[in-house]
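Data first, discussion second: the structure below is written as structure tokens.
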Amino acid sequence: MTAQSPYGLGQGGQQPPELRNDTTRYLCGAAHTDRLFADEAIREHLVEPTRAVAPSPGVDSSAVLHEAVAARTRRKIRDGALTLLIVVFAVAAPLVLLGWVLLAVVVALPRLTGRALIRGLRLVGPKGGGLAGLLNGLIALAVLVVAVSVVLGNAGSSATSLLEGWNGQAATIISYVMAALMLTLLISDRFVVSSLLTKSLRRSRFTPTPTHDSWSGERLIRSLGHELFAGPLAECRTRASQQGQQVAARENLVVYRDYEPFLGAGVSHKPWLLTLPLDPGEDAATERPRPQHPGGPPFAMAELYDAIEQDLLLLHGSASLVPSHRFRGLSSFHQVVVSADELLDHISEPGTRTVLPQLQARPNQQLPEAELRALMEQPTEWMRYYRGFRVETWDRDLVISAYLHVGADDRTLYVEWTPCVLLPVRREYQELDTLVANPWRAVGQGIMRLVRLPVTIPGRFWHTVVRLRPMPQHAGALVPAKYGGRRNLRELGADEAVHSYFQRADVDRYLGILEGRLNRAIGRFLERKGISVTEFMAQAAATSTTLNYIGGPVLGNIIQATSIAGGITTQQPPPAA
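Each residue of the sequence shown is one higher than the one before, counting from -2 in our numbering.
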């Protein structure tokens, strides 16, 4: 049997030794290739000193956030320099810049407005051809046109320089120098990113904190800007080290904002509920226990939670029930969810001080055992207790969680079951493992970025000057978004669908097994208490084909149920060439 914590909470089995963890590495790479991901990760986890920390199963949050800060700082330095250089170029050769802008618009238009359409209409594999090949040809032609226009335009633009007194030859030289510097800067930046992806973040050599340079300047590049977020990053490092000591298992309180309460678990998938009568059983030899108080249930809620948990954790020994013996890593945990909006609405009540002791600090992550037990028996509208179960599969790329909530009086039992699926890391982030160091690729990327540079300068300038600041909170006005978390790093990097048929099948497989065990555990518990299970068995059988959804089918940009008994949308790969 697995060791038990208070209220029978099992610590879960040890992870299978073959369970790899590539999610941290993929998200570290995403910080350097996806500006929006890096900025949102910093904004969600480091900017607000009072925001609840979102748990990230299977991810070293400290490593990802360190890379996100370094990537954002590198981009700000690059974009600031490019903005300055193109301003000088504009003064020296304004007519050439005008032609450059028009060409950049033509080249960048398909990229800016038709990216989704191109992906949907791609006729061949991801390596090119068809429509994608035609676009690549047009882009190559545009590069040739811009090169010729720069040479010819500079020859004739010196006489029309806006700054009187400038020597025409000097203006031409300056424009050439600025263009060369911009190209050098863009190519150098591509070389840095290529070295990060193909050397620093390789599976065989990846370390969150390098002790030596595997390529020139690695430690400098990966430590840029860390002093700007020294306090929050140090807190992340401390939390990561504590998680290694299983302190995270005792973190039972989450304050969330917006709609989804199960922070860090992904999106709910086919939740259901049951309400059934607590009628005496037909076995006269079994005496039904009396309620603890008038109108109360005939048993304690903690007793029912523990009985269900013990039955589900027996799946640890099921070697061939699921692939790779993944149920060996099934874990259970307490989870109290609190709405940030409602927390601030009840801030004057004495009970809220255990959740938010100070308005200038983060909410607590752990409730005392006495309050945890009280919430089991008597939940409030804005503060609910759940018993959670979690299993990590596909090398932690697919995480399945389920949250159980029960309630009862002397006549009725209420069972709420909310499965959640944390979908795989985006495909484009996982392409990290297929990249090959190619200097000519970096040169080509730098040239293409130079062609599109004029239309990207407004965004680059804005990215350079804008700082990520905490949201203002005036005296007497409390802002819920400053306290409640919304998405963790894994959710920020999650794809829109599972990546294969087997992943989709495994989601239904794991959840079907857990739900079957749940029904069995509840039935056995009720029988032991002398309560009739006839109505329960009928409703439990109905849930296997027609579920009583909470809020209808699961819709959204991550998981979609195609019908009442539908599954998860599968992301189809493009047809082979």
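Ideal placement from N, C-alpha and C gives every residue a C-beta, glycine not left out.
Check                                                                                                          : Outcome
Bounding residues of the beta strand (DSSP E) (the contiguous stretch that carries His402)                     : Leu395 to Ala405
CA-to-CA distance, Val448 to Ser172, given in whole angstroms                                                  : 15 Å
Sequence-distant residues of its chain with Cβ nearer than 8 Å to Leu180 (five each side left out)             : Gly443, Ile444 and Leu447
Beta-carbon separation (whole angstroms), Asp57 vs Ala237, contact threshold 8 Å                               : 6 Å
Status (buried if at least 16 other CB within 10 Å, exposed otherwise) for Gln166                              : exposed
Sequence-distant residues of the same chain with beta carbon closer than 6 Å to Gly29, five excluded per side  : The sequence given here places His at residue 29; Gly does not occur at that position. Taken in chain order, the residues that qualify are Ala68, Val190 and Leu193.
C-alpha distance - Asp210 paired with Arg199, whole-angstrom precision                                         : 14 Å
Arg483 at chain D interface by Cβ criterion, 8 Å                                                               : The question asks about chain D, but that chain is absent: this structure has only one protein chain.
Completely contained beta strand (DSSP E) runs for the region 303 to 360, where each covers 3 or more residues : 328 to 336
Minimum C-alpha distance to Arg325 - residue among Gln332, Glu232 and Leu312                                   : Leu312
Enclosing beta strand (DSSP E) for Arg576 [first to last residue]                                              : Coverage of the chain is limited to positions -2 through 574, which leaves residue 576 absent and any answer about it impossible.
Among Val264, Gln362 and Arg234, the one whose alpha carbon lies nearest that of Leu489                        : Val264
Given 8 Å, three or more beta-carbon pairs between the region 349 to 365 and the region 296 to 313             : no
Reduced DSSP category for Arg387 - H, G, I as helix; E, B as strand; rest coil                                 : strand
Span separating the alpha-carbon of Leu79 from that of Leu106                                                  : 21 Å
Buried versus exposed, by CB contacts within 10 Å (16 or more), Gly117                                         : Confidence at Gly117 is low in this model, with a pLDDT of 45, below 50, so the placement of that residue should be treated as unreliable; the coordinate-derived value is given next. Its Cβ having fewer than 16 others within 10 Å, Gly117 is exposed.
Residue(s) in a DSSP beta bridge with Arg381                                                                   : Val334
8 Å contact criterion, which Leu310 and Ser329 should meet: CB distance rounded                                : 6 Å
contact_flag[the region 400 to 410, the region 270 to 277] where n(CB pairs < 8 Å) is 3 or more                : yes
Extent of the continuous alpha helix (DSSP H) run through Leu250                                               : No alpha helix (DSSP H) holds Leu250; the beta strand (DSSP E) holding it covers Leu250 to Tyr253.
Assigned secondary structure, Leu131 (DSSP; H/G/I helix, E/B strand, else coil)                                : Its pLDDT being 44, under 50, Leu131 is placed unreliably in this model, and the coordinates cannot settle the point.
Assigned secondary structure, Phe296 (DSSP; H/G/I helix, E/B strand, else coil)                                : coil
Gln307 and Leu395 closer than 8 Å at C-beta                                                                    : no
Where Gln355 falls, given that 16 or more other Cβ within 10 Å makes a residue buried                          : exposed
Secondary structure of Trp604, DSSP reduced to three states                                                    : Residue 604 falls outside the range modelled here, since the chain spans only -2 to 574, and no answer is possible.
Identity of the residue in Glu378, Asp505, Pro207 and Gly222 nearest Arg216 by Cα                              : Pro207
Minimum C-alpha distance to Leu82 - residue among Pro54, Val319 and Pro451                                     : Pro451
Buried versus exposed, by CB contacts within 10 Å (16 or more), Arg525                                         : exposed
Alpha carbon of Ile397 to alpha carbon of Thr195, nearest angstrom                                             : 31 Å
Start-to-end residues for the beta strand (DSSP E) that takes in Thr272                                        : Trp269 to Pro274
Per-residue burial, Leu318 [other beta carbons within 10 Å of its own, 16 or more giving buried]               : exposed
First and last residue of the uninterrupted alpha helix (DSSP H) at Tyr426                                     : Arg424 to Gln427
Collapsed DSSP secondary structure at Val56 in the structure displayed                                         : coil
Identity of the residues DSSP links to Ser265 by a beta bridge                                                 : Cys417
Beta-carbon gap between Leu259 and Tyr400 smaller than 8 Å                                                     : Looking at the sequence itself, residue 259 is Phe, so the reference to Leu does not match. Against a cut-off of 8 Å, the Cβ pair of Tyr400 and Phe259 comes out as a contact.
Sheet register partners of Ala491 (DSSP bridge)                                                                : Val422
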